[in-house]
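Student: Sharing a structure below in structure tokens format, with a few things to ask.
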Amino acid sequence: MDNKSYNKFTLSKVRELFLKDDIISIGDDFILARQTNNVDLGLLKFPSRIEGYVAAYCRRGHLKCIINLNEYEIHDGMLAINTPNNIIQLETVDPNKEIVELTILAVSPQYMNKLSSDLDKIFVDAINMLKSPIMEMAPEEVELSMQYFKLIDNVINTDSEYRDDSISYLLTSIFYLIGGMLMKRLHAVEENDERPTSTRQKRMFEMFIELVEKHHSKERSMGFYADKLCISSKYLSQIIKNVSGFSAPDIINKYVILEAQHLLRHTDMSVKEIADQLNFPNQSFFYKYFKSHTGCTPNSYRQQ
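Quick note on numbering: the numbering used here labels position 270 of the sequence shown as 796, and the sequence is numbered without any gaps.
Here it is as structure tokens:
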């Protein structure tokens, strides 16, 4: 493995390694699968990235997953959504103890962009604001989604001249449907949220997250992000707290720790090289920073 690379799974690799049951697909751009845990999920037991948009509905059973350092319990009736920037980790499921049945819809970023330029923003904005990529679906939402899946299945098996176009429009529709479910829950949260937020503050929060995703490996100071947004550090702190309930440094640190864990687990870089890549002044400072946020040293984390 190149010592600067991450452990990333393309949709092609996801299909090859993890999906063995009832699968329909269009090349490596679109996959619809009904899956049980009869394959080894061991490759996902460490933090990893899946390069695609994935909606996984749990039909039966339960499993634990960690998405961007937050732990979630997924059980029957719940939908989990992955976007390409997420770092995810699954607790290995023992099929001898419990059966887990999933319906999985996966689309590559390139195909998603062809469907609609708005879809990525809908998912990222809603998930950031909800602070959770997991939601429990109502029975009518499940029924409607399954009707879509059945229709897509039927269309894929036809020899219509416009088959691919038909599937594209169906996929656009179902992703807007899921986006609508997310936004519905977001509006419900906003109605019950006593924090005073405005549309401008929410947009500032979104811009802050975009900047952190891009620059966290080099910049950790509030001043840097405040300057980029042309506001004071104090005002930026107030906005982030109002919108998300978290402090801005907490969010920045979360991204840095995720990056550090990824590099420790999935590259051959030395701790010093990782400290340099993440722009720490020296290895000792990185050790203290990592231990204060995780409770263990970089070396002990790597050996786990």
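Built from N, CA and C at the ideal position, the CB exists for glycine as well. Keep in mind that this is a model prediction, so the values were computed, not measured.
So, helix, strand or coil for F816, using DSSP?
Tutor: Three-state DSSP puts F816 in a helix.
Student: Can you pull the DSSP bridge partners for Q561?
Tutor: Looking at the DSSP assignment, Q561 forms a beta bridge with L628.
Student: Shortest alpha-carbon distance to Q727 belongs to which of I682, G771, K571 and H792?
Tutor: Nearest option by C-alpha distance: G771.
Student: Which first and last residues belong to the beta strand (DSSP E) in which Q829 is found?
Tutor: First-last for Q829: P824 to Q829, but that is the alpha helix (DSSP H), not the beta strand (DSSP E).
Student: According to the neighbour-count rule (16 or more other Cβ atoms, all chains shown, within 10 Å of its Cβ), is E662 buried or exposed?
Tutor: Answer is exposed; the Cβ neighbour count stays below 16.
Student: Expressed to the nearest angstrom, what Euclidean distance is found between the alpha-carbon atoms of I660 and K590?
Tutor: Roughly 11 Å separates the two Cα atoms.
Student: Taking the beta strand (DSSP E) that R586 belongs to, which residues open and close that run?
Tutor: Run containing R586: Y579 to R586, per the beta strand (DSSP E) assignment.
Student: In angstroms with no decimal places, state the Cα-to-Cα distance between E836 and T725.
Tutor: In the structure as shown, the chain begins at 527 and stops at 830. Residue 836 is therefore absent and cannot be evaluated.
Student: Out of I557, S658, A786 and I549, point me to the one whose CA is closest to M638's CA.
Tutor: Ranking I557, S658, A786 and I549 by Cα distance to M638 puts I557 first.
Student: Would you list the residues sitting across from Y833 in a DSSP beta bridge?
Tutor: For the chain, the structure presents residues 527 to 830; residue 833 sits outside this window and is missing.
Student: Would you please state the rounded distance, in angstroms, between the beta carbons of H742 and V681? I believe it to be under 8 Å.
Tutor: The pair is not a contact, with the Cβ atoms about 42 Å apart (cut-off 8 Å).
Student: Are there 16 or more other CB atoms within 10 angstroms of the CB of L789, so buried, or fewer, so exposed?
Tutor: By the neighbour-count rule (16 or more Cβ atoms within 10 Å), L789 is buried.
Student: Does the Cβ of M707 have 16 or more other Cβ atoms within 10 Å, making it buried, or fewer, making it exposed?
Tutor: Buried.
Student: Ordered along the chain, which non-local residues of its own chain (more than five positions away) have a Cβ less than 8 Å from that of F806?
Tutor: Around F806: F812 and Y815.
Student: Enumerate in chain order the residues of its own chain whose CB-to-CB distance from E785 is below 7 Å, with the five nearest sequence positions on each side excluded.
Tutor: The answer, listed in chain order, is H742, S743 and L804.
Student: So, with DSSP's three-state summary, where would you put L804?
Tutor: If DSSP states are grouped into helix, strand and coil, L804 belongs with coil.
Student: Ignore the nearest five residues each way along the sequence and tell me which others in S759's own chain have a CB closer than 6 Å to its CB.
Tutor: Within the same chain, S759 has close Cβ partners M748, G749 and A752.
Student: Ends of the alpha helix (DSSP H) at E672?
Tutor: Position check: residue 672 holds Met in this sequence, whereas Glu was assumed. P665 to I682 is the extent of the alpha helix (DSSP H) around M672.
Student: For M604, report the span of its alpha helix (DSSP H) as first-last.
Tutor: M604 -> not in any alpha helix (DSSP H); beta strand (DSSP E) instead, spanning M604 to N608.
Student: Helix, strand or coil, according to DSSP, for E736 in the structure here?
Tutor: E736: helix per DSSP, three-state reduction.
Student: Return helix, strand or coil for K530, following the three-state DSSP convention.
Tutor: Reliability fails at K530, whose pLDDT of 38 lies under 50, so the model's placement of it is uncertain and the value that follows must be treated cautiously. Correct three-state label for K530: coil.
Student: On the three-state DSSP scale, how would you describe I757?
Tutor: Three-state result, I757: coil.
Student: Determine the contact status of I908 and L696, defining contact as a CB-CB distance below 8 Å.
Tutor: Because the chain in this structure spans residues 527 to 830, residue 908 falls outside the shown range and cannot be described.
Student: Any idea if Y688 is buried or exposed, counting beta-carbon neighbours within 10 angstroms, 16 or more meaning buried?
Tutor: Exposed: under 16 other Cβ atoms inside 10 Å.
Student: Report yes if the C-beta distance between L537 and S634 is below 8 Å; otherwise report no.
Tutor: Yes, these two residues count as a Cβ contact at 8 Å.
Student: Going by DSSP, what residues sit across from M661 in a beta bridge?
Tutor: Answer by DSSP bridge pairing, in chain order: L605.
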